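Enquirer: This is the structure, below, for whatever I ask next.
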Amino acid sequence: LAKTTQPISMDSYEGQEVNITCSHNNIATNDYITWYQQFPSQGPRFIIQGYKTKVTNEVASLFIPADRKSSTLSLPRVSLSDTAVYYCLVGDGQAGTALIFGKGTTLSVSS
Amino acid sequence: NAGVTQTPKFRILKIGQSMTLQCTQDMNHNYMYWYRQDPGMGLKLIYYSVGAGITDKGEVPNGYNVSRSTTEDFPLRLELAAPSQTSVYFCASSYPGTANQPQHFGDGTRLSIL
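Quick note, the sequences are listed as chains A and B, same order. Counted the way this note's numbering counts, the first sequence spans residues 8 to 118. Counted the way this note's numbering counts, the second sequence spans residues 90 to 203.
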C-alpha cells in the first residue's frame, strides 16, 4: 500500500487560495489519488479524485505531476467553513485495501 | 435519500458489556466498511464486506465481529467491551470497481467504555 505524507496543519485567511501537498512516493500503477474532508463530529466527505495531470470540480482542483509521486489539493478562496481535516489517500479501489487514512492536514481558516 | 445511517449516535458501555452498532445504506452499494477513529487520529479499518454473506478483516479486527445478511445492513458487534474500544465508529459504503470509488460515510457512533 502506498503510504502518504502530508503536513499536520496549515493556517490561512478567508479569501486566500490554499494548497495542500501530499507525498506518495510508492504509488502503484493502478492507484488513484483521492482527497476527503472531515468536519468535527462528521464522517469524511469525498472532495476530489484523480489519476494524473489536473482534475477540477466545483469545490477544488487536484494537481498531479507526471511522476505521480505527489499531489496538490488546491482550494480557491477559502472561507471559514473550509476549516476541517483534509485526508490524502492512495489506492486501487479494491475493498480489501480500502482506504488508509493518516492523520490528515488540519486546515484552520481565520477571518 | 438517507445515504448511510448509523445508530446509535452515542453510547456509554461498562467494561465487559456487549453491543451492536447498526449501519444501513440505501444506495445499493456492494462494498461496506467499518472504521474507528481515535481522538486526533485518522480512521482505521476494522472490517469490510464486498457483498451479502462476505466479510473480511481489516487492520484492527480484534474484539469485533460483523455480519452481512443483506446488501443494506452491516452491523458491528462488540463483545466484552474494553476501555481501548472507546472511539468514534464510522460506517461507509461504496460501489465496487476500478479506482477508489468514493466512500459515503455515516455520521458516526461515539462510544465510551467505562
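The C-beta atom is built at its ideal place from N, Cα and C for all residues, glycine as well. Bear in mind the structure is a predicted one, so any value in this text is a computation, not a measurement.
Start and end of the beta strand (DSSP E) containing Thr109/B?
Expert: Met108 to Gln114
Enquirer: Quick one: list the residues of chain A neighbouring Asp196/B, beta-carbon separation under 8 Å, in chain order.
Expert: The answer, in chain order, is Ser48, Gln49 and Gly50.
Enquirer: Report, in whole angstroms, the separation of the C-beta atoms of Met130/B and Ser182/B, which I expect to be a contact under 8 Å.
Expert: Contact doesn't hold; Cβ gap of about 22 Å is too wide.
Enquirer: Could you tell me whether the Cβ of Pro164/B comes closer than 9 Å to any Cβ of chain A?
Expert: no
Enquirer: So, are the CB atoms of Ala67/A and Leu87/A less than 9 Å apart?
Expert: no
Enquirer: On a Cα-Cα basis, can you pick out the residue from Val85/A, Pro47/A, Lys76/A and Thr113/A that is closest to Tyr93/A?
Expert: It is Thr113/A.
Enquirer: Contact criterion: CB-CB distance below 9 Å. Does Tyr93/A meet it with respect to chain B?
Expert: no
Enquirer: If contacts are defined as beta-carbon pairs under 8 Å, then Gly270/B and Met116/B qualify, I think. What distance do you get, rounded to the angstrom?
Expert: Nothing in the structure corresponds to residue 270/B, since chain B is present only between 90 and 203.
Enquirer: By the criterion of Cβ-Cβ separation under 9 Å, what are the contact partners of Gln13/A in chain B?
Expert: By Cβ distance, chain B contributes nothing, its closest Cβ being about 11 Å from Gln13/A, past 9 Å.
Enquirer: Just to make sure I have the definition right: I need the residues of chain B whose C-beta is within less than 9 Å of the C-beta of Phe108/A. Which are they?
Expert: Tyr124, Gln126, Met130, Gly131, Leu132, Lys133 and Leu134
Enquirer: Which whole-angstrom value is the C-beta distance of Gln95/B and Asp162/B, which I expect to be below 8 Å?
Expert: Contact doesn't hold; Cβ gap of about 11 Å is too wide.
Enquirer: Given this structure, state the Cα-to-Cα distance separating Pro185/B from Gly142/B, to the nearest angstrom.
Expert: Those two C-alpha atoms are separated by around 16 Å.
Enquirer: Please determine, among Leu102/B, Gln106/B, Tyr178/B and Leu110/B, the residue with the shortest C-alpha to C-alpha distance to Asp127/B.
Expert: Tyr178/B
Enquirer: Taking the straight line between their C-alpha atoms, what separation do you get for Asn32/A and Asn119/B?
Expert: 31 Å
Enquirer: Cβ of Leu134/B within 9 Å of Cβ of Tyr124/B?
Expert: yes
Enquirer: Would you verify that the beta carbon of Pro191/B is, or is not, closer than 9 Å to some beta carbon of chain A?
Expert: yes
Enquirer: Could you give the distance in angstroms between the alpha-carbon of Thr79/A and the alpha-carbon of Thr63/A?
Expert: 12 Å
Enquirer: Compute the beta-carbon to beta-carbon distance between Cys29/A and Gln13/A, rounded to the nearest angstrom, for a pair I have assumed lies under 8 Å.
Expert: Rounded, the Cβ-Cβ distance is 4 Å, consistent with contact.
Enquirer: Using C-beta distances below 8 Å, list every residue in its chain close to Lys61/A, excluding the 5 sequence neighbours before and after it, in chain order.
Expert: Ser68, Leu69, Phe70 and Ile71
Enquirer: Which word fits Phe194/B, buried or exposed, when buried means at least 16 other C-beta atoms lie within 10 angstroms of its C-beta?
Expert: buried
Enquirer: Would you call the CB atoms of Val155/B and Leu165/B closer than 9 Å?
Expert: Yes. Within cutoff.
Enquirer: Which class does Gln56/A belong to by DSSP, given the choice of helix, strand or coil?
Expert: strand
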